[in-house]
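Position 35 of the sequence shown, counting from 1, maps to 563 under our numbering, and the rest follow consecutively. C-beta: ideal position from N, C-alpha, C; glycine also. No experiment lies behind these values; they were computed from the predicted model shown.
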Amino acid sequence: MVRLAPGTVPAPPAVSPTEAGLDDAALVSRAGELLAQVQQGCRHAPVDATGAVDTLVTQARHSAHPGVLARLLRAAAAVRLAADSPGAPLGQVDALLDELLGHAARHGLVLFEADGHAIAARLALVRGDEDAAMTAIASAMARLDEPLHPDAPLGEAEWQRTLHATYLGVAVVLTQLGVHELAEPILGRAERTALAAADGPALVLCGYHRIRLMLGWGLRLERAARISAAHQCLTAAAGVARMLATTAADADVPVGHHALLAAARALGEPAADPDAVAAELVRQLAGATCRDDRRLAQIALARARAAAGHPEEAVRDLTRAHGEVHAGDRTLHLALVRELGRLRAGLDPDGTATDVLRGYAAELESELWSTREARIAALRARVANERLRREHGAVAAQAMSDPLTGLPNRRALDTELADALHDPATLPLAVAVVDLDGFKDVNDRSSHARGDEVLRAVATALRNALRGGDLVARYGGDEFVVLLPRTPSQAAAAALVRAARAVARLPVGLARAVTLSAGVTSARAGEDTAALLERADAAMYAAKRRGGNQVFVGT
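Here you go:
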């Protein structure tokens, strides 16, 4: 038994790593630092960053709010992808994404569902599975069209950062898929989010991605012989690069971004001194780490060398670049191959074979353009189908939710508990039955409407006081059931003590001075749901008999 009366509350039997170390805001902040470290090209850090963020995930599983765990799971997966090296630790990303998507769906964190699907799409592209990437990014886009509401106690600024990162992640995938028309409006959402939050670094990051988008789009249009439109895209990219040049000069901008800026200016603006442009690109390429930025800079370098009268050097550079391991934006790789073929054709003394190949290339590009337009149509259809599936799922989910509190209802609880009892990964599984003390007086003295307000307030306090992976369900009336997977009964009792204290601290005008009594027990091998709930219920009544406002651990 754990009493809550003043002066009688013992120390919790176990202290979580979160309580012993970082609080929720610090966990999220540290994860963001680690991700930024890898994204900014600190090549010595990927393994260290991976281990550090995994430690934070372990701590976040003890967090009081589901949104914190979602942010840490997202960071752990993103760190592995951002490492962007042949030895990057991608093996655990699938498991992390499964956990993130399941957790986000359980807690209604739609934005993190979208973010998880966007990361899954990036992973599919790394593995060369474009169809899987299309399916995943369609799921992300469908969710971004749903109402998105702040989920967490970490403040508006953190919510805006998460929203910005999700929009940006989706735009990056769409750019790499070569569907630039769909990427542009999503990137626009990211820019507007950063602007509304007055987040200067986020706006700068959007600028870099807009340059990549416009350069990739322009090169793709060139391949399709849409020269005027291509020129507009390349010129726009150079304009953004000019605006970012001052920021790049004054700030500690990663060298890979310097290469991107140099490539944009070289491709989008006429050069009075192409030799100087080539020398600058060579200097920036030496430290560039992002593969897509290297591709853009290599194409720009080849054009500068050719413009300076050194086509042989341009062919030599592109031939070497073509031999590098390809990963990332396939449209950029094809643009590099086209550039190499164009330059080689200029060195062909005969010209006969070149004319034939040019004709073939034109026909091929026409076919590829049609295929690209079909891809855009297919992606839009997948997004529409996903929206319909989500709407149908929302109707089904209503049957599993309590309309008053928004918590899972008894039907949902029975399903979750039955699954948990048959899943060894949930063991030890603790179950708590929670009943409110003094709730009948609220209904008798005030009204049922006031009683409903109390139930909603208590439901929110319970959900926020427990870990992200715990399930809180309304069982009926003023009774709730909590499932705590991978939790011994004494640790579960400590968690319920925190929840009881959270309810006791609610304003009197909101909670009407109700308290809670809870009974906790652990699942036994081969036990069914009815027997387990019966034992937890008996423990709850034991807490009631001892005066209420306490937690009792049953046998």
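Simplified DSSP state of Val959, which is helix, strand or coil: strand
Run of the beta strand (DSSP E) containing Gly1004, from where it starts to where it stops: 999–1004
Anticipated Cβ contact below 8 Å, Ala603 with Ala559, distance rounded: 4 Å
At least three beta-carbon pairs within less than 8 Å, the region 978–986 to the region 1063–1081: no
Entirely enclosed beta strand (DSSP E) segments - the region 903–988, minimum 3 residues: 958–965
Member of Ala1046, Gln1018, Val982, Ala1030 whose CA lies at the smallest distance from the CA of Val1010: Ala1046
Cβ neighbours of Pro678 in the same chain (closer than 6 Å, five flanking residues each side left out): Trp687
Sequence-distant residues of the same chain with beta carbon closer than 6 Å to Arg599, five excluded per side: The beta carbon of Arg599 sits closer than 6 Å to the beta carbons of Val556 from its chain, once the five residues preceding and following it are set aside; these are given in chain order.
Arg991 burial status per 10 Å Cβ neighbour count (16 or more: buried): buried
Assigned secondary structure, Gln587 (DSSP; H/G/I helix, E/B strand, else coil): Three-state result, Gln587: helix.
Val1009 in three-state terms, based on DSSP: strand
Helix, strand or coil at Leu1044 [DSSP, three-state]: Strand.
Three-way DSSP call (helix, strand, coil) for Pro541 in this model: Unreliable positioning characterises Pro541 in this predicted model, as indicated by a pLDDT of 31, which lies under 50. A coordinate reading is not provided.
Member of Arg918, Tyr1003, Ala830, Val961 whose CA lies at the smallest distance from the CA of Arg938: Residue Tyr1003 is the option with its Cα nearest to Arg938.
Short Cβ contact (8 Å threshold) for Leu907 with Leu1060: At least 8 Å separates the beta-carbon of Leu907 from that of Leu1060.
Option nearest Thr1015 by Cα separation, candidates Val1048, Gly1075, Arg822: Closest option to Thr1015, Cα to Cα, is Val1048.
Minimum C-alpha distance to Val962 - residue among Glu901, Asp972, Phe1008: Per the Cα distances, Phe1008.
Neighbourhood of Asp998 by C-beta distance below 7 Å, restricted to the same chain and skipping five residues each side: Val1010, Leu1011, Leu1012
Through-space distance from Gly934 to Gly767, alpha-carbon basis: Computed Cα separation, rounded: 49 Å.
For Gln704, the three-state DSSP class (helix, strand or coil): helix
Leu715 versus Val700, Glu641, Leu705, Ala724, residue with shortest Cα-Cα distance: Val700
Cβ-Cβ separation, Ala787 to Gln760 (assumed contact under 8 Å), whole Å: The Cβ separation is near 23 Å, so there is no contact.
Residue(s) in a DSSP beta bridge with Phe640: Looking at the DSSP assignment, Phe640 forms no beta bridge with any residue, so it has no partner.
Integer Cβ distance of Val585 from Leu609, believed to fall under 8 Å: Taking the Cβ atoms as the reference, Val585 lies roughly 15 Å from Leu609, outside the contact range of under 8 Å.
Gln620, DSSP secondary structure in three states: Gln620: coil per DSSP, three-state reduction.
Helix, strand or coil at Thr1049 [DSSP, three-state]: strand
Inter-residue CB distance, Ala605 and Val621 (contact presumed, cutoff 8 Å): Right, the Cβ-Cβ distance comes to about 5 Å (below 8 Å), so this counts as a contact.
Length of the line joining the Cα atoms of Thr1083 and Val1000: Straight-line Cα distance between these residues: approximately 21 Å.
Alpha-carbon spacing of Asp803 relative to Glu658, whole angstroms: Near 39 Å, if we compare the C-alpha coordinates of Glu658 and Asp803.
Supposed contact pair Gly706 and Arg900 - C-beta distance, whole angstroms, cut 8 Å: 6 Å
For Arg671, the nearest candidate out of Ala685, Val654, Gly656, Leu691 (CA to CA): Leu691
Sequence-distant residues of its chain with Cβ nearer than 8 Å to Glu867 (five each side left out): If we look at Glu867 and ignore the five residues flanking it on each side, its Cβ neighbours are Ile827, Ala830, Arg831, Leu846.
Reference Leu762, options His785, Thr774, Ala773, Leu789, closest by Cα: Leu789
Pairwise C-alpha distance: Ala722 and Leu562: 21 Å
Leu625 and Phe640 closer than 8 Å at C-beta: no
CA-to-CA distance, Arg655 to Leu892, given in whole angstroms: 25 Å
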